[in-house]
Amino acid sequence: MNKFIIKGGETLNGEVNISCAKNSVLPIIAATILCGEKCTIKNCPMLLDVFVIGDLLKSMGADIDIDFNTGDMKIDTSNIKNTEPDAELVRKMRGSFLIMGPMISRYGKFKISLPGGCNIGTRPIDLHLKGLKALGVDIKIGHGYVEGKASKLLGDRIYLDFPSVGATENIIMASVFAEGETIIENAAQEPEIDDLIDFLNEMGSDIKKIETGAIIIKGVKKLRGIKYRPIYDRIETGTFIIAAAITKSKIKINGIEEKSIKPMIAKFCEMGINMEINEKDLIIDGRNELRPVDIKTMPYPGFPTDMQAQIMSLLCCTKGTSVITETIFENRFMHVPELKRFGANIKIDGRSAVIMGVNEFLGCSVRATDLRAGAALILAGLVAEGETQISDIYHIDRGYVNIEKKLRKLGAKIERTKE
Ligand code: UD1
């Protein structure tokens, strides 16, 4: 089992390049099923989850060719015959569910094992299924599988009781060829959804977002294969901003999406982190004293739940009392007991964590319990005195490309070992 060994206390400097967003790439790869032609998805982050969805498509008959240097993924979905992807692969990642929409759209059927993913809550799929049913899909659940069949898909008005990212993406993809018009009310507004819409529209779909945030999809007859580069990863950007702030460093971050990071940045600025944001990069100067803040995770443009663990590490090292309320997932404080090993002073009260800033973190052995929790532990290790060992880092590898190499280039002392 690989571990990260970090010797904390180094100041960072230099530049880091952000990878394309995993949460954009996964639905976009799934959406290539829709066109049944050749697509090239450029600069894919070479991450486990991306390989899993690629293997999933392969298990159904797609041809996939990856250039591991550039991350360009050539995907030819013209030969997909099997509408039941490999169950083992599906269970590896919750994102596997994203193939339901494209499969029902192109083949009128799917059968998929109930998926896995980060252990951060029950993560039901009722909203995905509500949307599919509204379009005319007959759904059966049993023996650990979800099966969908539809002889014809008809556009409808669908209200999401919660703006679920995955459900919005699945319903968009399911309705691309549906007869008439589909309207998704209370749709998720995450930038990764806009990216999926841009990708689909470039392939020939007719999808638009109106002022209320509702998404309107007019059914088209056919899509064509294209080349496309997904957006940069705003969560990786946020993680490196915190890396600079927690180590009181000044670094440059290349490859940002100004619009999509703005809401999150507002909170960093409230803490007193200095930032110069340009069109394609940002310079962060984390050398000044920071202020505690209260944070509530919310659907976009609220503060992202995927940054909650990382900012908690920073608030632990910020003088004063901060409160984080997690409103998206019910079980997303698993990093708290691990942060306490560093010396953090955190009290959990239901969905809120009260964080009293401490003067120092001490290096220790901790376990990454999920992807973003693992990132939070790396950040804690960067500032902790002495050596930190992080185990179960496969979680971190699901979402961060070469995180230790990127941090080493900035001057951090972090190594990957084998036990
Ligand atoms: C996506 C992201 C994940 C991020 C999350 C919230 C990807 C691959 N993953 O996950 O990194 O943390 O958005 O920003 O893009 N819910 C239901 N019923 C459903 C679906 C969801 O109740 O049918 C609930 C979930 O339990 C959760 C909330 O809605 O409490 C948000 O989930 P959702 O937005 O669907 O997250 P994912 O798409 O799984």
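Counting from 0, one number per residue, gives the positions in the sequence shown under numbering that gives the first Met the number 0.
Every residue gets a Cβ at the ideal spot worked out from N, C-alpha and C, and that includes glycine.
Please read these numbers as outputs of a predicted model, since none were measured by experiment.
Exercise for review: Look up M274 in the DSSP assignment and say whether it is helix, strand or coil.
Suggested key: strand
Review point. Using a threshold of 7 Å, is the CB atom of I140 nearer than that to any non-hydrogen atom of the ligand UD1?
Key: no
Check your understanding: Since I17 contacts T181 with CB under 8 Å, what's their CB separation in whole angstroms?
Key -> About 33 Å; that fails the 8 Å criterion.
Exercise for review: Please state if the CB of I323 and the CB of M333 are separated by a distance shorter than 8 Å.
Suggested key: no
Point to revise | Cβ neighbour criterion (16 or more within 10 Å) applied to A265 | key: exposed
Exercise for review: Indicate the three-state DSSP secondary structure (helix, strand or coil) for N12 in the structure shown.
Suggested key: strand
Practice item. Evaluate the contact criterion for the segment 178-192 versus the segment 20-34: three or more CB pairs, one atom per stretch, below 8 Å. Key: yes
Check your understanding: According to DSSP, is Q388 helix, strand or coil?
Key -> strand
Review point. Out of curiosity, what's the CA-to-CA distance linking A352 and K226?
Key: 44 Å
Practice item. Give me the Cα-Cα distance between E329 and T296, rounded to the nearest whole angstrom. Key: 12 Å
Point to revise | Inter-residue CB distance, L97 and E168 (contact presumed, cutoff 8 Å) | key: 6 Å
Point to revise | Close beta carbons around I345, own chain, < 8 Å, minus the five adjacent residues each side | key: M311, C315, V335, L338, K339, A352, V353, I354 and M355
Check your understanding: Between G135 and K110, is the Cβ-Cβ spacing less than 8 Å?
Key -> no
Check your understanding: Between the Cα of A133 and the Cα atoms of G94, P229, S174 and Y393, which residue gives the shortest distance?
Key -> S174
Exercise for review: Within 10 angstroms of the Cβ of E257, are there 16 or more other Cβ atoms? Answer buried if so, exposed if not.
Suggested key: exposed
Check your understanding: How many Å lie between G271 and S321 at the Cα?
Key -> 14 Å
Review point. So what's E146 in DSSP terms, helix, strand or just coil?
Key: strand
**Study point:** Three-way DSSP call (helix, strand, coil) for A352 in this model
**Key:** strand
Exercise for review: Write down the C-beta distance between G13 and L409 rounded to the nearest angstrom, noting that I regard them as a contact closer than 8 Å.
Suggested key: 5 Å
Practice item. State yes or no: is the C-beta of R93 nearer than 7 Å to some heavy atom of the ligand UD1? Key: yes
Review point. What residue ranges within the segment 75-144 form continuous alpha helix (DSSP H) runs of no fewer than 4 residues, ordered along the chain?
Key: 86-91, 99-106 and 125-133
Practice item. Run the proximity test for H127: is its beta-carbon closer than 7 Å to any non-hydrogen atom belonging to the ligand UD1? Key: yes
Check your understanding: Mind checking I5: buried by the 16 CB within 10 Å criterion, or exposed?
Key -> buried
Review point. So is H127 buried or exposed if we call it buried at 16+ other beta carbons inside 10 Å?
Key: buried
Check your understanding: Would you say the beta carbon of N22 comes nearer than 7 Å to a heavy atom of the ligand UD1?
Key -> yes
**Study point:** alpha helix (DSSP H) segments (min. 4 residues) lying fully within the segment 23-71
**Key:** 47-58
Exercise for review: Check whether the Cβ atoms of L46 and A242 lie closer than 8 Å to each other.
Suggested key: no
Review point. At a cut of 8 Å, does the segment 60-77 reach the segment 411-418 through at least three beta carbon pairs?
Key: no
**Study point:** Cβ-based burial, S364 [other Cβ within 10 Å; buried from 16]
**Key:** exposed
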